[in-house]
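Working notes, beginning with the structure itself.
Protein chains: 2
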Amino acid sequence: MRASATTPFQAAPDSLDPTDWNAVRAMGHRMVDDMVDMLTGLREAPVWQPMPAEARQALRGGDLPTGPGDLDAVYREFQALVQPYGSGNIHPRFMGWVQGGGNPVGMLAELLAAATNPNLGGRDHAPIEVERQVIRWAAQMLGFPMDASGVLVTGASMANLIAVLVARAHALGTGVRRSGLHGRPLVAYTSLETHNCVARAMDMAGLGSDALRLIGLDAQHRMDMGALQAALAQDRAAGLQPFLVVGSAGTVDTGAVDDLTALAALARAQGLWFHVDAAYGALAMLSPAQRPLVQGLSEADSVAFDFHKWAQVPYDAGCVVVRDAALHAATFASQPAYLQRSVRGLAGNQPWPTDFGPDLSRGFRALKVWMTLKTYGTDKLGQVVAHNCSLAQQLARLVDAQPQLERLAPVTLNVVCFRVLAQGVDLDALNADIVADVQESGVAVPSTTRIRGVLAIRVALVNHRTRLTDVEMLLAAVLSTARERLASG
Amino acid sequence: MRASATTPFQAAPDSLDPTDWNAVRAMGHRMVDDMVDMLTGLREAPVWQPMPAEARQALRGGDLPTGPGDLDAVYREFQALVQPYGSGNIHPRFMGWVQGGGNPVGMLAELLAAATNPNLGGRDHAPIEVERQVIRWAAQMLGFPMDASGVLVTGASMANLIAVLVARAHALGTGVRRSGLHGRPLVAYTSLETHNCVARAMDMAGLGSDALRLIGLDAQHRMDMGALQAALAQDRAAGLQPFLVVGSAGTVDTGAVDDLTALAALARAQGLWFHVDAAYGALAMLSPAQRPLVQGLSEADSVAFDFHKWAQVPYDAGCVVVRDAALHAATFASQPAYLQRSVRGLAGNQPWPTDFGPDLSRGFRALKVWMTLKTYGTDKLGQVVAHNCSLAQQLARLVDAQPQLERLAPVTLNVVCFRVLAQGVDLDALNADIVADVQESGVAVPSTTRIRGVLAIRVALVNHRTRLTDVEMLLAAVLSTARERLASG
Chain A
1 MRASATTPFQ AAPDSLDPTD WNAVRAMGHR MVDDMVDMLT GLREAPVWQP MPAEARQALR
61 GGDLPTGPGD LDAVYREFQA LVQPYGSGNI HPRFMGWVQG GGNPVGMLAE LLAAATNPNL
121 GGRDHAPIEV ERQVIRWAAQ MLGFPMDASG VLVTGASMAN LIAVLVARAH ALGTGVRRSG
181 LHGRPLVAYT SLETHNCVAR AMDMAGLGSD ALRLIGLDAQ HRMDMGALQA ALAQDRAAGL
241 QPFLVVGSAG TVDTGAVDDL TALAALARAQ GLWFHVDAAY GALAMLSPAQ RPLVQGLSEA
301 DSVAFDFHKW AQVPYDAGCV VVRDAALHAA TFASQPAYLQ RSVRGLAGNQ PWPTDFGPDL
361 SRGFRALKVW MTLKTYGTDK LGQVVAHNCS LAQQLARLVD AQPQLERLAP VTLNVVCFRV
421 LAQGVDLDAL NADIVADVQE SGVAVPSTTR IRGVLAIRVA LVNHRTRLTD VEMLLAAVLS
481 TARERLASG
Chain B
1 MRASATTPFQ AAPDSLDPTD WNAVRAMGHR MVDDMVDMLT GLREAPVWQP MPAEARQALR
61 GGDLPTGPGD LDAVYREFQA LVQPYGSGNI HPRFMGWVQG GGNPVGMLAE LLAAATNPNL
121 GGRDHAPIEV ERQVIRWAAQ MLGFPMDASG VLVTGASMAN LIAVLVARAH ALGTGVRRSG
181 LHGRPLVAYT SLETHNCVAR AMDMAGLGSD ALRLIGLDAQ HRMDMGALQA ALAQDRAAGL
241 QPFLVVGSAG TVDTGAVDDL TALAALARAQ GLWFHVDAAY GALAMLSPAQ RPLVQGLSEA
301 DSVAFDFHKW AQVPYDAGCV VVRDAALHAA TFASQPAYLQ RSVRGLAGNQ PWPTDFGPDL
361 SRGFRALKVW MTLKTYGTDK LGQVVAHNCS LAQQLARLVD AQPQLERLAP VTLNVVCFRV
421 LAQGVDLDAL NADIVADVQE SGVAVPSTTR IRGVLAIRVA LVNHRTRLTD VEMLLAAVLS
481 TARERLASG
């Protein structure tokens, strides 16, 4: 850090409040201005750049601070060491992973949430009503009944865990909460492309990830319904207890959407809990062009999704919605004496959010969702979804027109997987190098995945700022990098 | 809402960014000023007030918004319907539950975190380094080795779940992640006063809350070591497998601290994982007067605590620290293709935070912790701890001096439990009514719990703004309310 005179923060002798509130006001104004400057200058900045070793070392150095620091110097350290080396997902040419870009209304909402600082675990206060309204809106978006339950969580990983636990209680009864699992042979079903967090949820719930059958894919990368039927029959014949089928609405690898209507019918016929991981795909409900693809969501028993992906709410803001509110509450609620509910006073107003998930301490993430939805409206968010999907189709056409490129998966929503072809080289290594080169150039951020065993360049279009020119710049960067690598190699 | 002309938010046609960034700047400045005004006016405002039915109805009404709204009107709705009816924990006379008051530096940090909007699941960017630094500082605060692992989570409930899962892997091997539990008779031990989230963690992990033995208390409300030894012997004789003992550093009911040094020795001797729920007590490490009470924390295998409680960071900011980083990672890490790590580019820099807990989408909660610690320093936070504990001792003396009051538990840290005595009335009902009356008066917020079967008025001193006069006002409100109730009843 540059050397400069520092003035330690002057806190009041008997609190953490400043002696000079005007300095806090001024700092707040400056930060608002700086953040707006950053956002308006995004397009000209690198998407991502590797941290210089000195910057990394500076962030890693230093003992636990004992004395007061200078807030101005702390902020300058943020500006010098943190802000320039961000993860890039706010940038229009970030296409690496399924991450939203945030939005300025959500940014301001976080200031209000931190200032008012409520704990959303429960009790009778207005922030709880805001979260309930957000959950009702989520139910409405999904086509769920308005008395469905739900809760905001960090992200879809946690939302999927909650759903697996509700499904576990559905299969075994809520007595399992006290008794634990005793070798009950529960098995669940999902596709090979489903996000790994579902396997992690099976692991954490004590059921084991081996009890999650990974069903093969059809040509559209959807769960193969015939293979699913066969697996169910085989497991039942073996004396196992199928209890859960997990569909995907927008897989992370290819953006595939399972045939949710068929899965719903099968689950109903076989008495299985039908959960959908719709981490980003749920928002497709807001776009008339994409809605038919995910329509079957409305028939699920539970849905997990993120507001911080396609709804562009700042991180983190995941959500789970459950059709059977009573079972949902019975899976999580408990009332120790210090959480005693009352009919009046601050301890009233049950059920509380903590009755629907593992968290008791919970921030006011509902506010950034509420303000984002009220300010932009869902039509506008649906337009972002439609635009991203349209860009994906345009990119697919550009890829298909290039003989040097091979597309590796159909484009359902917003993900395009392809690779550079060349003679006599290890294509996996070449394409991995191209992706790292392009990332390091700062021009764009694609990522890699593996499609049927082959390394793919993956382009996931999620950012609301991305335009056709950005997609074209990405493709040009991939092609020129490939040329350079092949010429020099 | 009052009728007024509204101007729908003008978003750019091809993004969620505004057409007029200056309006966003102006709104940000106004919000900063309003929030500072709120915080400087706290002491004169009611701690809490019940929501009027119309306000509640207004927040509950309204379909999912489809069209754009007026940001100014949305903010006015927040000011009219949400801000006045908060949960009260920012107020100096909130003493109901163990909740921090937030701080203005953390408030500003949340603006920066939302603007830069990184996903802290992993990858190579500076926000990851900030979280790692916060984890190292947490290890240093706890007296853990600097190569301990850790991760930030919503709160101690989630941190305790992570610790239970690591302990499960310690007992059964990490193969349990794939195989699931198969009737392995694991049992855990904790005190009757331990927070219910530990039982919830046993439930979610599939072990069942019945497998958590709730050991009785000694006179200081600590886990009775003799009873613990007896329970262990009995379970071993019955062929069960003890695997985990959970100590408490600051119970939620009475602020008791288990004899952590004795628990550490016993756990070591018996080959048990030793975890401590130090949700707020961990911060006592920062106060020379209280540190000896919690010193044994440094000998634990894992510790769960919250930065949003005694460290006054805005919600939510929980933390778990684990001595054995390799086992911690082996309990959570997995590498699907789309999370493939690379040696260079944005997908480098492992291990990632997602390798240490259930979340993949994770906000930048590290920034508010980092800025709070750097700006105030831990000495100042330790002074807040010492001051709260001193106020608790002063309140205990005031209670003891009143013949009409009965103190119900010893005061170890910052919690005082007592009740109003009277002849010929139901004392539980009387005290519950007094607490609700005082809450509704807006003067102060105490809460209730049950101590050895008796309803107690519980005063938990956690807020950095609380002064002796606030504690005196609470006590005066309790006594005058009791007089009124007894005179009229």
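In order, the protein sequences belong to chains A and B. Residue numbers for the first sequence follow the numbering used here, beginning at 1 and rising by one. Residue numbers for the second sequence follow the numbering used here, beginning at 1 and rising by one. A virtual CB, placed ideally from N, CA and C, is assigned to each residue, including glycine.
Inter-residue Cα distance where the pair is G101 (chain B) and W370 (chain B)
By one-based count along the second sequence, residue 101 (chain B) stands at place 101. By one-based count along the second sequence, residue 370 (chain B) stands at place 370. Note on geometry: alpha-carbon atoms of G101 (chain B) and W370 (chain B) lie some 17 Å from one another.
Near L112 (chain A), which residues of its chain fall below 7 Å by C-beta distance, leaving aside the five closest residues on each side in sequence?
For the purposes of this step, residue 112 (chain A) is taken as the residue at position 112 of the first sequence. Cβ neighbours of L112 (chain A) beyond the five flanking positions: L367.
Can you check the segment 184-230 of chain A for any beta strand (DSSP E) of at least 3 residues that lies completely inside it and give the ranges in chain order?
186-191, 212-215
Could one say the Cβ of D235 (chain A) lies closer than 9 Å to chain B's Cβ atoms, at least one of them?
Position 235 of the first sequence, counted from the first residue, corresponds to residue 235 (chain A). False, the Cβ-Cβ gap to chain B never drops below 9 Å.
Counted within 10 angstroms of its Cβ, other Cβ atoms place E129 (chain A) as buried (16 or more) or exposed
Position 129 of the first sequence, counted from the first residue, corresponds to residue 129 (chain A). Buried, by the Cβ-count rule.
Helix, strand or coil at P292 (chain A) according to DSSP, with G and I counted as helix
One-based indexing of the first sequence puts residue 292 (chain A) at position 292. The answer is helix: DSSP assigns P292 (chain A) an H, G or I state.
Contacts of C319 (chain B) in chain A (Cβ-Cβ under 9 Å):
Numbered from 1 along the second sequence, position 319 holds the residue referred to as residue 319 (chain B). Per Cβ cutoff of 9 Å: no residues; C319 (chain B) is ~11 Å from chain A at best.
Please return the same chain residues whose Cβ sits closer than 7 Å to the Cβ of F307 (chain B), not counting the five positions on each side in sequence.
Along the second sequence, read from residue 1 onward, the residue named residue 307 (chain B) stands at position 307. Cβ within range, chain order: V313, A317, C319, V369.
Consider the Cβ of T378 (chain A): report whether some Cβ of chain B lies at a distance smaller than 9 Å.
The residue labelled residue 378 (chain A) in the question sits at position 378 within the first sequence. Closer than 9 Å: yes.
Contact under 9 Å by Cβ, A227 (chain A) with L212 (chain A):
For the purposes of this step, residue 227 (chain A) is taken as residue 227 along the first sequence, with counting starting at 1. For the purposes of this step, residue 212 (chain A) is taken as residue 212 along the first sequence, with counting starting at 1. Result no, Cβ atoms of A227 (chain A) and L212 (chain A) do not sit closer than 9 Å.
Where does T251 (chain B) sit, in a helix, a strand or coil, going by DSSP?
The residue given as residue 251 (chain B) occupies position 251 in the second sequence. In the structure shown, T251 (chain B) sits in coil (DSSP, three-state: anything other than H, G, I, E or B).
Between the Cα of L272 (chain B) and the Cα atoms of B:S302, B:S298, B:V294, B:A279, which residue gives the shortest distance?
The count along the second sequence starts at 1 and reaches residue 272 (chain B) at position 272. Comparing Cα positions, the closest option is B:S302.
What separation, rounded to the nearest whole angstrom, lies between the Cα atoms of L497 (chain B) and I162 (chain A)?
Shown here, chain B extends from 1 to 489; a query on residue 497 (chain B) therefore has no answer.
Can you give me the start and stop residues for the beta strand (DSSP E) that F305 (chain A) sits inside?
Locating residue 305 (chain A) in the first sequence gives position 305, where the first residue counts as 1. Looking at the DSSP string, the run of the beta strand (DSSP E) that includes F305 (chain A) is 302-306.
Does the count of Cβ pairs from the segment 340-348 of chain A and the segment 395-412 of chain A closer than 8 Å reach three?
no
Starting from W48 (chain B), find everything on chain A with Cβ-Cβ shorter than 8 Å and list it in chain order.
To locate residue 48 (chain B), count along the second sequence from 1; it is residue 48. Here the neighbours are H125, L346.
Grouping DSSP H, G and I as helix and E and B as strand, with all else coil, what is D316 (chain B)?
Translated into positions along the second sequence, residue 316 (chain B) becomes position 316. Three-state DSSP puts D316 (chain B) in coil, outside helix and strand.
P84 (chain B) in three-state terms, based on DSSP
In the second sequence, counting from the first residue as 1, residue 84 (chain B) sits at position 84. Assignment of P84 (chain B) by DSSP, reduced to helix, strand and coil, places it in the helix class.
In the segment 17-29 of chain B, which residues sit with their C-beta less than 8 Å from some C-beta in chain A, listed in chain order?
D17, P18, W21, V24, R25, M27, G28, H29
Would a check of beta-carbon distances place I90 (chain B) closer than 9 Å to chain A?
Walking along the second sequence from the start, residue 90 (chain B) turns up at place 90. Judged by the 9 Å Cβ criterion, I90 (chain B) is in contact with chain A.
Would you report the Cα separation of Q10 (chain A) and R25 (chain B), rounded to the nearest angstrom?
Here residue 10 (chain A) corresponds to residue number 10 of the first sequence, with the count starting at 1. Here residue 25 (chain B) corresponds to residue number 25 of the second sequence, with the count starting at 1. Distance between the alpha carbons of Q10 (chain A) and R25 (chain B): 27 Å.
Under a CB-based cut-off of 9 Å, is C389 (chain A) close to chain B?
In the first sequence, residue 389 (chain A) corresponds to position 389, counting from 1. Proximity of C389 (chain A) to chain B, defined by a Cβ-Cβ separation below 9 Å, is not satisfied.
My guess is that P65 (chain A) and K374 (chain B) are in contact by the Cβ rule of under 8 Å, so how many angstroms apart are they, rounded?
Counting from 1 along the first sequence, the entry for residue 65 (chain A) is found at position 65. Counting from 1 along the second sequence, the entry for residue 374 (chain B) is found at position 374. The pair is a contact, with the Cβ atoms about 5 Å apart (cut-off 8 Å).
Distance check for N431 (chain B) and L486 (chain B), CA to CA, integer angstroms please.
Here the question's residue 486 (chain B) lines up with position 486 in the second sequence. Here the question's residue 431 (chain B) lines up with position 431 in the second sequence. Rounded to whole angstroms, L486 (chain B) to N431 (chain B) spans 11 Å at the Cα level.
Out of B:Q99, B:A138, B:T116, which has the shortest C-alpha to C-alpha gap to R123 (chain A)?
As a first step, residue 123 (chain A) is located in the first sequence; it is residue number 123 there, counting from the start. Cα-wise, what sits closest to R123 (chain A) is B:Q99.
Below 8 Å CB to CB, which residues in the same chain sit around P353 (chain A) once its five sequence neighbours on both sides are set aside?
Translated into the one-based positions of the first sequence, residue 353 (chain A) becomes position 353. For P353 (chain A), where only same-chain residues beyond five positions count, the Cβ hits under 8 Å are L120, G121, G122, I128, E131, V151, L152, D359, R362.
Contacts of Q439 (chain B) in chain A (Cβ-Cβ under 7 Å):
The residue labelled residue 439 (chain B) in the question sits at position 439 within the second sequence. Those are G345, L346, listed as they occur along chain A.
Taking only runs that begin and end inside the segment 402-453 of chain B, name each unbroken beta strand (DSSP E) of 3 or more residues, in chain order.
405-407, 415-420, 447-451
Between which residues of its own chain and Q394 (chain B) is the CB-CB distance below 8 Å, once the five residues before and five after are set aside?
Translated into the one-based positions of the second sequence, residue 394 (chain B) becomes position 394. The residues are L468, V471.
Let me check understanding here. Comparing Cα to Cα, which of A:A284, A:A167, A:V411, A:G106 lies closest to Q256 (chain A)?
For the purposes of this step, residue 256 (chain A) is identified with residue 256 of the first sequence, where counting begins at 1. In the sequence under discussion, the amino acid at residue 256 (chain A) is Ala, which differs from the Gln named in the question. The candidate whose alpha carbon is nearest that of A256 (chain A) is A:V411.
6 Å CB neighbourhood of V384 (chain A) in its chain, flanking five on each side removed
For this step, residue 384 (chain A) is matched to residue 384 along the first sequence. The answer, listed in chain order, is H464.
Could you tell me which residues DSSP puts in a beta bridge with I457 (chain A)?
For the purposes of this step, residue 457 (chain A) is taken as the residue at position 457 of the first sequence. Answer is A:F418, A:T448.
What does the Cβ neighbour count give for P288 (chain B), buried or exposed, with the cut at 16 atoms within 10 Å?
Locating residue 288 (chain B) in the second sequence gives position 288, where the first residue counts as 1. Exposed is the call here.
In whole angstroms, give me the CA-to-CA distance for M141 (chain B) and A279 (chain B).
Here residue 141 (chain B) refers to the residue found at position 141 of the second sequence. Here residue 279 (chain B) refers to the residue found at position 279 of the second sequence. If you take the alpha carbons of M141 (chain B) and A279 (chain B), they lie about 14 Å apart.
For the segment 139-177 of chain B, list the alpha helix (DSSP H) runs that are entirely contained and at least 4 residues long, ordered along the chain.
You should have 156-172.
Within 9 Å of any Cβ in chain B, is that where the Cβ of L413 (chain A) sits?
As a working mapping, residue 413 (chain A) is identified with position 413 in the first sequence. Not closer than 9 Å to any Cβ of chain B, the Cβ of L413 (chain A) fails to qualify, so no.
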